[in-house]
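Residue numbers (this note's numbering): 151 to 580.
Working notes for the structure below.
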Ligand code: PLP
């Protein structure tokens, strides 16, 4: 079965797994094992020397996680993937695979708070500089680039502003300067395909839409196989110069017979080996269950969100509704250029009566859950000014797109009428 001709609905159910040769299991089995028996001393030596590919130890690879990796790589149009313990681990590995102490990378300011902390504080302590630039003008990426810049980083659909990132514009600048773009596509699986627009690496928190049921933390990095790390010369020493931790292997050379997978192989056999943020096989399995229905769910998420947007736009207590479907100007152009098949299920709105109204709206919800999460099959809500963004000053909140009356919704796949009825009754009490 060639994956290339199949549609996402089919790949989500079939890519990466067809037959379990021993038990003939149709569903992907959970390989809940730490280690794998070698056939012989020679087999073991070959696996360690990467002369042969095969399972050694679950910290580095696992057959269940392998199905998830292959399936996500196929869906995304990439060449290979690496499953890790969380979205945070995916962002950490995506950057550390290219940056060492003394290096820098340029990142959009519009980021999930956890990613911001990782970049601004933890990487700084490691001697890696994150250069934050405003994605409103893609040229800011060029201006911040120097010969120590190893990559660009951005989220496709960052909340709370929900302004879609100019993927092609920044990827093009990067390709001109020899700098790869890494895209966190957590909020827009299937509706955005960053590789089609020039991204080199895509990452996800699979905790959100891909898992979809709020059961398992996980992350993945997908290699587009479309960036020439050798031509980059001195910019990519981790990939194209001898690796002292692996008998001096030069990853771009070592993997040549296997295809353009130097980036993802190095992430697996050095970063995952050394840092150990491996995904548990059970979480990989749970994530596969979610992935199998992702195309259906994304359609319903987007359809329901559009109906909620329409309802909120006509409500007298709401002063502003934020969703890519109803933006104007350049923001709308970007939404239309990069989102296909829906505008996502994240919806923001502002209550005319500010902070107190925001808090009472949240306290009055009966169906929607009040949680700091997105992408669950259930509808979720949060009031950022009193929770996720409460440590910031009002001025900092405003810069981040959070006003006192701002509420963020992650619209689920319940019946749209029931979601709207709950929002309506809670607005009545706000
Ligand atoms: N990226 C985005 C866009 C997120 O929203 C999150 C979590 O909310 C993460 C990364 C981190 O993912 P995880 O919670 O799986 O570590």
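C-beta: ideal position from N, C-alpha, C; glycine also.
Pair within 8 angstroms by beta-carbon distance, residue i and residue j
| i | j | result |
| --- | --- | --- |
| residue 321 | residue 307 | no |
| residue 489 | residue 474 | yes |
| residue 525 | residue 560 | yes |
| residue 511 | residue 557 | yes |
| residue 409 | residue 229 | yes |
| residue 529 | residue 562 | yes |
| residue 208 | residue 172 | no |
| residue 436 | residue 361 | yes |
| residue 350 | residue 376 | yes |
| residue 318 | residue 336 | no |
| residue 527 | residue 515 | no |
| residue 443 | residue 500 | no |
| residue 457 | residue 566 | yes |
| residue 304 | residue 333 | yes |
| residue 419 | residue 210 | yes |
Residue i to residue j span [Cα, whole Å]
| i | j | result |
| --- | --- | --- |
| residue 517 | residue 407 | 54 angstroms |
| residue 496 | residue 483 | 18 angstroms |
| residue 389 | residue 273 | 20 angstroms |
| residue 225 | residue 231 | 11 angstroms |
| residue 576 | residue 537 | 19 angstroms |
| residue 215 | residue 464 | 46 angstroms |
| residue 533 | residue 555 | 8 angstroms |
| residue 291 | residue 519 | 38 angstroms |
| residue 246 | residue 570 | 43 angstroms |
| residue 197 | residue 241 | 28 angstroms |
| residue 364 | residue 373 | 26 angstroms |
| residue 384 | residue 298 | 9 angstroms |
Opening and closing residue of the beta strand (DSSP E) in which residue i lies
| i | result |
| --- | --- |
| residue 334 | 331-334 |
| residue 472 | 468-472 |
| residue 304 | 299-305 |
| residue 354 | 351-355 |
Residue i, enclosing alpha helix (DSSP H) - first and last residue
| i | result |
| --- | --- |
| residue 291 | 289-293 |
| residue 556 | First-last for residue 556: 556-560, but that is the beta strand (DSSP E), not the alpha helix (DSSP H). |
| residue 514 | 504-514 |
| residue 396 | Taken as a continuous stretch (DSSP letters only), residue 396 belongs to no alpha helix (DSSP H), as it is neither H nor E. |
| residue 254 | Premise fails: residue 254 lies in the beta strand (DSSP E), 254-258, not in any alpha helix (DSSP H). |
| residue 546 | 544-550 |
| residue 578 | 566-579 |
Contact belief for residue i with residue j at Cβ below 8 angstroms, rounded distance in angstroms
| i | j | result |
| --- | --- | --- |
| residue 431 | residue 205 | Contact flag wrong, Cβ pair sits at about 11 angstroms. |
| residue 270 | residue 368 | That belief does not hold up - the Cβ atoms of residue 270 and residue 368 are roughly 24 angstroms apart, past 8 angstroms. |
| residue 300 | residue 255 | 5 angstroms |
| residue 494 | residue 455 | 7 angstroms |
| residue 550 | residue 310 | 7 angstroms |
| residue 371 | residue 414 | 7 angstroms |
| residue 324 | residue 302 | 5 angstroms |
| residue 356 | residue 380 | With 8 angstroms as the limit, residue 356 and residue 380 do not qualify as a contact, their Cβ atoms being about 31 angstroms apart. |
| residue 186 | residue 178 | 17 angstroms between Cβ atoms; not a contact. |
| residue 503 | residue 580 | 7 angstroms |
Cβ-heavy atom distance, residue i to the ligand ZN, below 7 angstroms
| i | result |
| --- | --- |
| residue 289 | Only the ligand PLP can be found as ligands here, which leaves the ligand ZN out of the picture. |
Interface flag, residue i vs chain B, CB-CB below 8 angstroms
| i | result |
| --- | --- |
| residue 555 | Annotation note: the requested chain B is absent from the structure, which comprises a single protein chain. |
*Tell me, please, whether the region 157-170 touches the region 213-228 by the rule of three or more beta-carbon pairs shorter than 8 angstroms.*
Yes: at least three Cβ pairs fall under 8 angstroms.
*asked:* Using 8 angstroms as the cut-off, can you tell me whether the region 260-268 makes contact with the region 232-252, which would need three or more C-beta pairs spanning the two stretches below that distance?
replied: By the Cβ criterion, the region 260-268 is in contact with the region 232-252, since at least three pairs of Cβ atoms, one from each stretch, lie closer than 8 angstroms.
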